[in-house]
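Protein chains in written order, with this note's numbering: chain S, 874 to 1286; chain X, -18 to 317.
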């Protein structure tokens, strides 16, 4: 269908000149499978950000009856009881959405104006998100509300309660003694309950937050370390190279899981610890790749020109060289994300990952029972499948990114 | 070549120093180190006196205090530890009350045999797989195999392992395989072949878990190197002089592509020794991985330190060995 509002002059040229990244993007997202994987991962990220609003034991809103001289009033238990990390993630989500809108809004502007606009909005939004997050972290007090709203609603004490789609929290246990543990799927619990009487579906959804959080944060740490070491060793060579590569060897020589186990056993099992540990043990591959790229790039004409023009070092390194050498690192980061999700799940499975009652897919697999005696496979199916799909999605995207940037197939697009 | 080897060996010194320093620092700055000893005295209730004595022995072993019970400064601790390690006096386990070397001697053969078998299976599948996918590049076979092996690679071993164990080694469902260990309990009455059969019967499930994720990487590498070799001039020459396609492929291309295997095999040697923590844990196999895991859980610091150190040294050596082997197999490759 032709767009009649466009004059012939405005119509795109048959072979519209694209930037390198635009071209890689087009090639990357051409296969249907890659689009499906991306959609799935976007969904997981959204889930990780918004899961408290989707799977929670408290109603969005309800009317609390008149008690002891206080009039009946409408309350918002779910929002009142969100803790600071939930709020911070919601603020981050809002920031991401705002950035997305500003990118879309600047879509039609000329390139230069667009870049300026986007950079401004990115800086502004980052600042706003940081300020609000730190305010939340300092000022917000987490509440511990053990009220059983289901019961109150059932007995008609609170009225007009609107529960989230999955009306169970990840740590909310069914009362003991009612034989509600290890249940098969039912209307009350769509995927059944685990050994502590907690809703499986809710825990699966909350597990996405742990998996995605550990995956992305750890790989961002690893990328930062790897890019710094790789850039410096590749650009300067000499003493930098010798020291940097020894650092890489030191970390690489010890088997990865041994190293992670040592760190985890000694420095703690908080989720932030796990993120940092996976990050600081996983940067060596990125450093190696970037070093090789920088060794190749550093004598190219445009780098010499940039240096000759007297640009500051960081600008030469990160503005001119990095964009041209970062693609293999990005491919590797895709596999790294998959690896980080696997490692987190494995650690939780072994019992040295995030601690209960936090919902992690690995811990849920472990809780599906001692395989040799009682094995409740329906409890293992959900988390296993989710880990599998997540890892597969990251791997598939990484592989098609590799194909998309592969110069030997460039002509064939 | 000799100068190259010497240079590599010299470069290994700072790496090893750095590694020992990292392991020392990680373990020494661990919270609660000095109280770690003494709690694990073989589960026997002890008098205060005995506990204290044991604590002192522990501290002396870890070079925390000298012979007279005076505390040693941190740098000195490091130097002393380094010295005794270089002399070959590896630590003594707190939990097992045995030298680390003995523990490794017990567990290394277990891990090594299982992993060697697993690796053989991986190669047996991946080499033909890589060859076929390279020949049928871009066709259904190539794509299907690529996707399947990537999917297998993505399957989490914790899920596969526990599900296999839960279904196939479980009286609840199918009790086909043993659920733990490597041997039946009555091995002393068995003939040699019965014994071997029993062993293979026990390792079927662990091998499956170790094997399935390995196909993707190896086949992809082999496929890549075959495709690369197919574009070389010597292939055209061989075809031009009238050699049949199959000869060119098997005699020239395939053999040249196998050179890459040296690197890949060398890189996977350390993994062969360190074992898979998860598989060994799921199937209760007392190998190196399980040793590392259980001693980390019990804060058995000497074991952790020495295991990591030994693995590190072996890894560095195997990297060097790879380079040397590559040079021997392909004299065109020089490092000078």
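All C-beta atoms in this analysis are idealised placements derived from N, C-alpha and C, irrespective of residue type, glycine included.
In the DSSP assignment, residue 30/X forms no beta bridge with any residue. Membership of residue 262/X in the alpha helix (DSSP H) is indicated by the continuous run 258 to 263. No Cβ of chain S is located within less than 8 Å of the beta carbon of residue 62/X. Under the three-state reduction of DSSP output, residue 170/X falls in the helix class.
With fewer than 16 other Cβ atoms from the protein chains shown falling within 10 Å of its own Cβ, residue 1035/S counts as exposed. In the DSSP assignment, residue 911/S falls within the alpha helix (DSSP H) that extends over 905 to 927. Using a Cβ-Cβ cut-off of 8 Å, residue 1138/S counts as an interface residue toward chain X, since at least one Cβ of chain X sits closer than that to its own.
Relative to residue 266/X, the option among 161/X, -17/X, 283/X and 87/X whose CA is nearest is 161/X. Assigned with DSSP and collapsed to three states, residue 49/X falls in coil, not helix or strand. For the segment 1155 to 1190 of chain S, the full-length alpha helix (DSSP H) segments reaching 4 residues or more read 1157 to 1170 and 1174 to 1181 along the chain. By the criterion of at least three beta-carbon pairs nearer than 8 Å, the segment 1259 to 1275 of chain S is in contact with the segment 1073 to 1087 of chain S. In the three-state scheme derived from DSSP, where H, G and I count as helix and E and B as strand, residue 156/X is classed as strand. If you ignore the 5 residues before and after residue 1222/S, its C-beta comes within less than 6 Å of the C-beta of 1235, 1238 and 1239, all in its own chain and listed in chain order. DSSP lists 935/S as the beta-bridge partner residues of residue 948/S.
With respect to the C-alpha of residue 107/X, the residue from 192/X, 54/X, 218/X and 10/X having the closest C-alpha is 192/X.
Residue contact check for residue 1122/S against chain X: a CB pair falls below 8 Å. Looking at the DSSP output, residue 73/X bridges to 80/X. At a cut-off of 8 Å, the C-beta of residue 1215/S has a neighbouring C-beta in chain X. Ranked by Cα distance from residue 185/X, the options 55/X, 94/X, 296/X and 246/X are led by 94/X.
Using a 10 angstroms sphere on the CB of residue 169/X, the tally of other CB atoms stays under 16, which defines it as exposed. Taking each of 1266/S, 1071/S and 932/S in turn and checking the Cα distance to residue 131/X, the smallest one comes out for 1266/S. Sixteen is the threshold: when 16 or more other Cβ atoms of the shown chains lie within 10 Å of the Cβ of residue 103/X, as they do, the residue is buried. For residue 1034/S, the enclosing beta strand (DSSP E) stretches over residues 1032 to 1035. Note that the segment 890 to 901 of chain S touches the segment 1266 to 1278 of chain S; at least 3 beta-carbon pairs, one per stretch, sit closer than 8 Å.
Close CB contacts of residue 288/X within its chain, under the 6 Å cut and outside five residues either way in sequence, are with 273 (chain order).
If you draw a straight line from the Cα of residue 969/S to the Cα of residue 946/S, it is about 35 Å long. Around the CB of residue 222/X, fewer than 16 other CB atoms lie within 10 Å, so the residue is classed as exposed.
Restricting attention to 69/X, 117/X and 252/X, the CA atom closest to the CA of residue 82/X is found in 69/X. A distance of 8 Å or more separates the beta carbons of residue 1210/S and residue 1037/S.
By the CB criterion at 8 Å, residue 958/S and residue 297/X fall outside the cutoff. In the DSSP annotation of this structure, the continuous segment of the alpha helix (DSSP H) that includes residue 1196/S starts and ends at 1195 to 1198. DSSP lists 156/X as the bridge partner or partners of residue 150/X.
Here the C-alpha atom of residue 1052/S lies approximately 17 Å from the C-alpha atom of residue 1241/S.
Judged by DSSP in its simplified three-state form, residue 1072/S adopts strand. For residue 295/X, the uninterrupted alpha helix (DSSP H) run begins and ends at 282 to 310, by DSSP. Contact between residue 1075/S and residue 1039/S holds, since their C-beta atoms are separated by about 5 Å, short of 8 Å.
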